[in-house]
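Trainee: The structure that follows is given in the form of structure tokens.
8 protein chains.
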Amino acid sequence: ARNGVPEVVFGEGKQADQISAIVGRLIARHQRALVTRLDAERAERVLRDHPHGHYDPISRLLCWGAPPRRLPGTVAVICAGTSDLPVAEESAGTLEWLGADVARLNDVGVAGIDRLLAHRESLTRADVLIVIAGMEGALPSVVTGLVRNPVIAVPTSVGYGASLQGVTALLGMLSACATGMSVVNIDNGFGAAWQAASILSLLERGPDPRPASFEGSASTAPTSQTQASTEPRTS
Amino acid sequence: ARNGVPEVVFGEGKQADQISAIVGRLIARHQRALVTRLDAERAERVLRDHPHGHYDPISRLLCWGAPPRRLPGTVAVICAGTSDLPVAEESAGTLEWLGADVARLNDVGVAGIDRLLAHRESLTRADVLIVIAGMEGALPSVVTGLVRNPVIAVPTSVGYGASLQGVTALLGMLSACATGMSVVNIDNGFGAAWQAASILSLLERGPDPRPASFEGSASTAPTSQTQASTEPRTS
Amino acid sequence: ARNGVPEVVFGEGKQADQISAIVGRLIARHQRALVTRLDAERAERVLRDHPHGHYDPISRLLCWGAPPRRLPGTVAVICAGTSDLPVAEESAGTLEWLGADVARLNDVGVAGIDRLLAHRESLTRADVLIVIAGMEGALPSVVTGLVRNPVIAVPTSVGYGASLQGVTALLGMLSACATGMSVVNIDNGFGAAWQAASILSLLERGPDPRPASFEGSASTAPTSQTQASTEPRTS
Amino acid sequence: ARNGVPEVVFGEGKQADQISAIVGRLIARHQRALVTRLDAERAERVLRDHPHGHYDPISRLLCWGAPPRRLPGTVAVICAGTSDLPVAEESAGTLEWLGADVARLNDVGVAGIDRLLAHRESLTRADVLIVIAGMEGALPSVVTGLVRNPVIAVPTSVGYGASLQGVTALLGMLSACATGMSVVNIDNGFGAAWQAASILSLLERGPDPRPASFEGSASTAPTSQTQASTEPRTS
Amino acid sequence: ARNGVPEVVFGEGKQADQISAIVGRLIARHQRALVTRLDAERAERVLRDHPHGHYDPISRLLCWGAPPRRLPGTVAVICAGTSDLPVAEESAGTLEWLGADVARLNDVGVAGIDRLLAHRESLTRADVLIVIAGMEGALPSVVTGLVRNPVIAVPTSVGYGASLQGVTALLGMLSACATGMSVVNIDNGFGAAWQAASILSLLERGPDPRPASFEGSASTAPTSQTQASTEPRTS
Amino acid sequence: ARNGVPEVVFGEGKQADQISAIVGRLIARHQRALVTRLDAERAERVLRDHPHGHYDPISRLLCWGAPPRRLPGTVAVICAGTSDLPVAEESAGTLEWLGADVARLNDVGVAGIDRLLAHRESLTRADVLIVIAGMEGALPSVVTGLVRNPVIAVPTSVGYGASLQGVTALLGMLSACATGMSVVNIDNGFGAAWQAASILSLLERGPDPRPASFEGSASTAPTSQTQASTEPRTS
Amino acid sequence: ARNGVPEVVFGEGKQADQISAIVGRLIARHQRALVTRLDAERAERVLRDHPHGHYDPISRLLCWGAPPRRLPGTVAVICAGTSDLPVAEESAGTLEWLGADVARLNDVGVAGIDRLLAHRESLTRADVLIVIAGMEGALPSVVTGLVRNPVIAVPTSVGYGASLQGVTALLGMLSACATGMSVVNIDNGFGAAWQAASILSLLERGPDPRPASFEGSASTAPTSQTQASTEPRTS
Amino acid sequence: ARNGVPEVVFGEGKQADQISAIVGRLIARHQRALVTRLDAERAERVLRDHPHGHYDPISRLLCWGAPPRRLPGTVAVICAGTSDLPVAEESAGTLEWLGADVARLNDVGVAGIDRLLAHRESLTRADVLIVIAGMEGALPSVVTGLVRNPVIAVPTSVGYGASLQGVTALLGMLSACATGMSVVNIDNGFGAAWQAASILSLLERGPDPRPASFEGSASTAPTSQTQASTEPRTS
Ligand SMILES: Nc1ncnc2c1ncn2[C@@H]1O[C@H](COP(=O)(O)O)[C@@H](O)[C@H]1O
Ligand SMILES: Nc1ncnc2c1ncn2[C@@H]1O[C@H](COP(=O)(O)O)[C@@H](O)[C@H]1O
Ligand SMILES: Nc1ncnc2c1ncn2[C@@H]1O[C@H](COP(=O)(O)O)[C@@H](O)[C@H]1O
Ligand SMILES: Nc1ncnc2c1ncn2[C@@H]1O[C@H](COP(=O)(O)O)[C@@H](O)[C@H]1O
Ligand SMILES: [Mg+2]
Ligand SMILES: [Mg+2]
Ligand SMILES: [Mg+2]
Ligand SMILES: [Mg+2]
Ligand SMILES: [Mg+2]
Ligand SMILES: [Mg+2]
Ligand SMILES: [Mg+2]
Ligand SMILES: [Mg+2]
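Residue numbers (the numbering used here), protein chains in the order written: chain A, 271 to 505; chain B, 271 to 505; chain C, 271 to 505; chain D, 271 to 505; chain E, 271 to 505; chain F, 271 to 505; chain G, 271 to 505; chain H, 271 to 505.
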């Protein structure tokens with residue numbers, strides 16, 4: 271546990287008793303556990319073995335135990351439409367389990383821009399922003415343009431036809447004209463939360479006192495293209 | 271200038287005199303400027319008008335002026351192969367212009383994992399990591415697994431055939447099994463640098479004293495799916 | 271209600287009680303409501319709460335109330351094959367709920383061009399035309415060539431193999447050699463109807479007496495490429 | 271000349287003398303002509319044969335003659351970035367040649383939403399809006415949400431990597447959550463202009479006094495799915 | 271009935287009673303009928319109304335009546351693997367219903383080339399060949415190289431992973447190095463049969479005594495590129 | 271020379287002297303030769319070695335010698351737009367070299383359907399039809415619906431944006447609702463001509479007197495799915 | 271039985287009684303049989319007819335009989351995650367049935383590189399390595415870099431969103447920067463095993479005493495491009 | 271130099287002086303070197319610095335020095351068409367530089383299967399086979415069916431339209447119904463040669479006397495799905 275954070279269990283494609291066994295070991299060692307992508311039926315069966323957990327049917331998260339301490343700062347979790355809520359709640363729930371404070375803002379799609387702009391001042395106060403949208407995936411561009419703090423964009427598989435199960439939103443977010451945002455996989459609310467928490471953790475610890483340096487290595491940057499030639503490696 | 275940072279000029283598809291005019295205004299107002307994606311020929315012509323700048327032929331960056339102050343921490347800029355250097359240097363040069371300290375590590379592709387692992391300890395000291403790779407784009411997954419700080423992955427268009435001009439690396443990075451990384455567009459070394467600098471800026475300022483909150487808004491998170499129904503909006 | 275038209279509810283992925291709650295608020299405020307993409311089972315459950323509505327199993331539309339007034343003109347809703355009917359009826363039903371007069375023409379695919387041409391004179395009388403086709407999606411090109419009024423093309427997911435769930439028809443319509451048509455998403459009969467109604471609404475109101483102008487703005491058109499350079503923005 | 275408008279010549283892939291011959295016939299018959307997608311070199315050679323025309327290097331339009339009369343209303347031509355200008359000017363120039371009044375608004379990308387919102391009131395006064403954007407193509411969604419008149423969206427091939435030469439913007443616009451917009455092909459400023467002009471023409475003529483009707487035809491809409499069965503056709 | 275052949279009913283997506291009604295009209299007029307893509311359950315229900323038909327569960331064809339006369343020649347229907355049989359039998363059954371003689375050859379995939387070559391002499395005797403294959407779709411190339419008569423290739427959706435539901439076989443057949451073959455849609459055994467029968471019909475009638483000619487038309491072939499310019503059309 | 275027809279040389283990617291050598295051998299043996307996809311410069315160089323040939327710059331065909339005899343019947347070569355002419359002429363020229371009579375019809379795209387319909391009667395007299403179109407590729411569907419003889423469709427790479435270099439036209443033709451047509455590769459006018467000529471050759475010879483039969487083979491069609499099981503093969 | 275190995279039955283899409291019949295013939299002739307891709311239900315039904323077999327629910331393999339002799343060497347079957355186990359076990363089980371010794375290593379994904387490196391020395395001892403991974407598919411690159419023996423990579427359909435059902439892993443493996451590996455189809459554990467076994471068989475037999483040679487053939491390699499011209503073939 | 275083989279230099283995108291520097295170091299250390307993907311012009315410049323090398327313009331390989339010893343066995347390098355020769359020669363030349371005996375067979379595409387079958391007996395004598403094809407990529411399937419030794423398939427970018435720059439051949443080879451082959455990247459003749467040589471090296475050394483085993487590891491194969499659960503890892 272490099273961060274004192276136990277590994278999170280990806281629930282998709284695992285059977286209830288498999289999950290139960292893993293969770294048992296995690297609780298024994300860490301006094302807490304988190305399972306993602308779990309339907310209500312399997313959650314119920316796992317909870318029979320490990321009763322003191324909490325299952326949320328929107329985010330499909332099942333968790334046990336409280337975070338050992340609070341992370342500094344706040345993460346805003348913002349989503350475009352009601353259909354994006356499961357992904358937003360996967361982010362929010364994961365963040366809360368990781369000890370982060372979350373501020374939620376839902377249903378602020380770009381086609382009704384005033385609803386978003388009404389929260390403009392609050393948006394700039396968030397230390398990290400997770401912005402979630404399906405269909406054309408335009409929300410993160412707009413939000414990134416409104417704030418200076420880092421934005422993590424999550425495309426969702428919401429939509430039909432030209433939405434291509436989230437691929438359109440994904441490509442749109444990657445192509446976005448706004449600088450200061452990066453992107454995770456389609457529907458990956460969990461991954462965005464983890465990345466956001468890693469930024470808050472860094473904020474907690476402050477910069478490393480021993481600055482990273484690869485000096486002395488043969489691989490540091492060339493001063494010119496001609497000098498860029500690699501040392502011949504042999505296999 | 272929300273951050274005191276002047277807008278960066280995207281040089282691709284702009285003529286030398288257009289760039290010269292924009293740069294003139296930027297220098298007048300901010301005493302510095304940065305142009306990306308500029309070939310040597312146009313750079314030379316722009317430098318005739320604004321001679322105190324510096325052009326780097328690998329990164330294809332042209333810049334004027336020093337950053338007003340240094341950002342805290344270090345960003346590691348790591349790339350898989352020699353062919354990825356232009357993208358890596360676009361990141362590194364942008365970061366330096368933004369006032370960040372950069373530690374470069376080149377030619378550490380996953381097919382020779384020992385070269386990467388030789389720098390393991392240094393990697394963990396970087397406050398943010400930008401990891402750049404073309405072809406199958408596997409390097410960010412491995413690096414993310416070695417460190418706890420945030421990783422920003424940049425796919426490059428290096429490769430041929432099944433590499434699909436960087437699309438394969440892009441999709442691979444988004445699908446990566448490692449948590450704690452996010453992705454920017456193909457060859458977008460600039461965007462990764464900006465995102466990394468926004469994290470260092472946050473580190474400099476610390477968390478916002480007024481935590482973000484959208485309370486009082488009609489749009490905060492539902493406690494259950496049934497309550498998730500949107501207020502009817504009308505157009 | 272900018273147009274006096276209440277927001278339409280997208281039924282896909284919403285539960286009956288969620289829809290019922292939203293519809294309740296809409297009827298209270300506007301005396302009418304429209305839900306799209308609703309299967310018979312959920313429609314029946316919503317109708318139990320709000321009994322004075324009408325459900326159509328082909329279009330899968332559920333609606334309450336009459337339009338406050340008729341729009342001028344007629345919209346022709348034309349489809350290529352029997353399998354495209356659900357999309358055509360989504361268009362037609364939406365238009366009727368919006369107060370537009372609809373003229374339907376079905377099963378006039380281009381492989382039997384005479385069936386279409388038999389209606390040539392009527393086609394030219396339609397003020398707006400919605401043309402719906404799956405498979406190769408060729409019908410809108412032919413119709414657009416026959417008329418001078420605006421054509422809105424709707425690709426459908428009808429077909430198999432190379433039809434790629436409507437993507438082929440979509441790309442074909444966008445590539446069409448006929449000028450005077452535009453395209454909406456696959457199966458989006460609703461969107462085409464809304465666009466058609468917005469044209470009829472414009473027809474009803476006539477041109478705005480205060481012509482749009484962005485004069486005085488820094489962003490009006492350049493007289494030459496050299497002058498096109500943007501004012502430097504700063505973030 | 272159904273509309274009194276001569277056919278427009280698509281200049282791409284045609285040689286100067288071919289274009290010259292076609293233009294000669296068009297001017298003889300209509301006293302005016304328009305050629306699109308023409309580079310400066312071929313334009314110059316065509317102008318030698320037909321000297322009273324005007325060539326614009328941004329839009330790459332070459333035209334002769336004035337429109338016989340002005341169309342009612344105004345079309346707003348709005349674009350996201352400087353690089354989208356050639357497409358925007360193809361729209362604007364085509365509209366002017368067709369006799370429409372154009373209001374231009376450039377460089378109002380969604381990442382700097384305030385620049386767009388500054389023109390909010392003017393936007394609502396435009397009778398038709400053409401909205402042009404590359405990269406993630408989010409601008410049309412935002413604009414459509416601000417106005418009630420019809421919006422025609424034009425994706426451009428501007429961008430790199432995940433932008434896929436305009437395919438990402440195209441798919442994004444088609445997936446957009448905003449209702450009231452339709453889409454034309456990538457970079458097809460001409461097609462959007464033609465569609466916009468066809469709406470203004472309709473506005474000029476008013477609704478057809480003989481409403482379209484396909485009554486009496488065997489192909490009008492079924493009242494239920496069971497009655498939808500096609501008359502057996504034979505080949 | 272241009273050919274005396276009644277229209278064939280595409281069974282996919284139609285309800286049993288819809289099909290029954292259409293079939294009733296077809297039998298009344300033509301004394302025969304053919305329905306494709308019909309599952310056993312709906313076939314049984316249709317047969318209750320029209321009992322003298324025959325249903326084949328492999329090809330999923332349901333038919334009534336005998337062809338009025340035999341077509342000359344033989345069509346070979348050749349398929350690569352057992353899993354391609356439903357498509358092969360859709361071809362064979364359609365051909366038989368159209369009055370053609372069919373010679374079947376199954377399970378002769380290219381990975382066991384001797385099984386195919388054992389029939390080499392018979393292959394050259396077929397007047398038209400329909401060659402059906404999934405996966406890499408290589409069989410039509412090999413067969414086309416062995417014979418001089420026309421080959422119609424049918425890709426099937428058989429395979430997994432890189433087979434992309436038949437798209438790989440389709441693209442492969444279109445790219446084939448063998449000349450003398452053409453291709454129909456994925457799984458479209460029916461379409462291949464119809465095309466083959468149209469060739470046999472032509473064989474029956476012989477060449478048209480009045481040779482096709484578009485002389486006198488403005489659109490016949492240019493003698494040189496310069497003369498290729500189209501007459502200006504006007505809309 | 272199974273058909274007495276020498277192999278045709280694919281000129282793309284071959285050097286002039288390579289082509290010259292092959293052509294020399296072909297002329298020595300067959301007294302005639304055909305090279306496709308040849309630019310004017312290489313054609314000129316090959317003609318220096320083998321002067322009695324003829325080069326056509328539109329079709330890019332270079333040929334020597336006359337066909338030994340005329341094939342029966344006529345092939346109509348029909349194309350949608352002026353830009354499709356090179357492909358149409360590759361078909362027409364190949365057919366003429368193969369001894370077939372060709373009737374050309376150009377610039378009859380579906381957006382101006384009357385130009386096509388003016389030739390309706392002539393179309394039905396063609397024994398085989400090659401129909402060529404780019405962009406949405408709708409022309410073959412319409413033509414196939416007008417005639418009973420076999421249609422071979424050729425998609426072209428003409429178009430931009432959503433045309434995807436001919437892939438859209440290709441997929442559209444394969445998805446077409448018209449029965450009686452098959453498709454060859456993008457821009458493959460040569461392949462369509464060859465297939466058409468193979469049909470005329472069959473017409474010349476008449477059906478094979480020894481009907482194809484694979485009787486006695488273990489691989490003939492199963493009478494039911496249960497019997498379809500393959501003989502176990504071993505490797 | 272070129273190798274004394276009976277053909278393996280692909281169970282997907284075959285009915286239990288079909289499989290039973292084939293298996294009966296195989297056992298009669300070879301005393302053993304292997305069926306792949308079989309679910310438990312059909313396996314049970316086949317085992318009723320042929321009871322002395324063994325079914326494994328993870329690999330979904332059903333087999334009878336022992337290999338006639340052991341192959342020399344060992345194949346390492348290595349997989350990235352628990353979800354890849356069914357594919358890994360399809361490889362391992364097939365190899366065991368073919369008489370190969372298998373060394374399994376599971377759950378050694380690149381995001382936790384130490385788990386893989388802990389087995390570094392053992393990896394170099396494997397004579398052939400099958401490396402299985404989904405998502406970004408990076409494991410084979412890393413493993414190939416660690417060993418000198420041949421690596422066969424198997425992408426799996428494990429993952430979501432940008433994983434595109436295994437296409438991302440497939441393209442990534444093909445683009446890999448590591449030399450010494452080749453790739454089979456998505457989820458094709460069987461194919462990798464067969465290829466590995468063919469290498470072990472070669473190891474068993476040693477190099478062929480009569481070296482392959484195509485001398486005397488007209489098709490051996492050219493000494494220069496000019497001489498590369500093919501003998502004219504005729505059809 | 272794990273194998274005593276120096277790293278091979280990928281010449282694409284490297285400048286002559288960069289290559290010269292790397293080659294200098296390689297020759298100093300290993301007395302030999304190989305550069306791939308080098309055009310004649312850069313080759314000439316590198317040869318000026320290191321004159322005792324040999325450049326082949328077809329394969330675009332530049333090499334110095336002889337292999338220290340011959341590998342056992344023979345590799346057949348087989349290609350479908352003349353246009354595939356550069357890739358075939360990249361394989362053959364690499365193999366020869368690695369010390370392997372090569373038997374070349376060219377221009378044996380599947381559309382003229384007899385040319386391939388004429389070499390049937392020789393094919394079975396090759397210890398490893400590299401089979402190279404563009405367009406539909408069918409040749410490896412046929413060859414794999416004829417031999418028992420391992421086949422490595424190389425798709426090439428030869429072809430047009432539906433060939434999609436080699437993607438069609440690539441997908442076809444991966445989907446192939448023949449077992450016993452694996453695939454490398456498009457045009458990657460080098461990679462196939464390396465893989466083939468690694469098999470011959472294994473043949474030279476024989477199986478490792480210390481069989482690979484991961485026993486004692488927590489990660490060996492589960493005996494049932496329930497036991498497959500991973501040990502909880504923590505980060
Ligand atoms: N190399 C780059 N890649 C992506 N975005 C860039 C790059 N260089 C500048 N930008 C962004 O492009 C915008 C300026 O574009 P422009 O107005 O066309 O110069 C600013 O938002 C920059 O942050
Ligand atoms: N830039 C353009 N984009 C799309 N279509 C165009 C363009 N310019 C002209 N056209 C259309 O192209 C057709 C004329 O094509 P052509 O006969 O090749 O000159 C007419 O239908 C025009 O409306
Ligand atoms: N334009 C073309 N498109 C497709 N195939 C062609 C074309 N021209 C010639 N061929 C075929 O290409 C083969 C000759 O290729 P090659 O040996 O490279 O000259 C023969 O099978 C021809 O039938
Ligand atoms: N033609 C080629 N295709 C693929 N990989 C190659 C090729 N030539 C060399 N390589 C590999 O590329 C790597 C060297 O790349 P570089 O350091 O850029 O020269 C080594 O791993 C080589 O095995
Ligand atoms: Mg920002
Ligand atoms: Mg990490
Ligand atoms: Mg029109
Ligand atoms: Mg609106
Ligand atoms: Mg043939
Ligand atoms: Mg027909
Ligand atoms: Mg290795
Ligand atoms: Mg074999």
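Just so you know, even glycine gets a beta-carbon here, dropped at the ideal spot from N, CA and C. The structure displayed is predicted, hence computed values, not measured ones.
What is the DSSP secondary structure of R330 (chain G), reduced to helix, strand or coil?
Mentor: Coil.
Trainee: With a Cβ-Cβ cutoff of 9 Å, do L519 (chain E) and L393 (chain E) count as a contact?
Mentor: Summary: the structure shown does not reach residue 519 (chain E), with chain E confined to residues 271 through 505, and so no result is reported for it.
Trainee: Measuring only the C-alpha atoms, how far is Q285 (chain E) from R312 (chain E)?
Mentor: Cα to Cα, Q285 (chain E) sits roughly 8 Å from R312 (chain E).
Trainee: Would you kindly work out how many angstroms separate the C-alpha atoms of P492 (chain B) and L434 (chain A), rounded to a whole number?
Mentor: The pLDDT assigned to P492 (chain B) is 41, lower than 50, so where the model puts this residue is not dependable; a value taken from the coordinates is nonetheless given after this. Looking at the two C-alpha atoms, the distance is approximately 28 Å.
Trainee: Please classify T414 (chain A): does DSSP put it in a helix, a strand, or coil?
Mentor: Helix at T414 (chain A).
Trainee: Got a sec? Which residues, its chain only, sit under 8 Å from Q495 (chain B) by beta carbon, not counting five neighbours each side?
Mentor: Low confidence applies here, because Q495 (chain B) scores a pLDDT of 34, under 50, leaving its location unreliable and the question unanswered by this model.
Trainee: Enumerated in chain order, which unbroken segments of the alpha helix (DSSP H) with a length of 4 residues or greater are wholly contained in the stretch 412-457 of chain G?
Mentor: Qualifying alpha helix (DSSP H) stretches, in chain order: 437-444.
Trainee: Using a beta-carbon distance cut-off of less than 7 Å, what residues from the stretch 457-470 of chain H approach chain B?
Mentor: Hits within the stretch, in order: D457 and N458.
Trainee: Report the residue from F:G450, F:D371, F:N455 and F:N419 whose alpha carbon sits nearest the alpha carbon of A223 (chain F).
Mentor: The first residue shown for chain F is 271 and the last is 505, placing residue 223 (chain F) beyond what the model contains.
Trainee: Return helix, strand or coil for V279 (chain D), following the three-state DSSP convention.
Mentor: Looking at V279 (chain D) - three-state DSSP - the assignment turns out to be strand.
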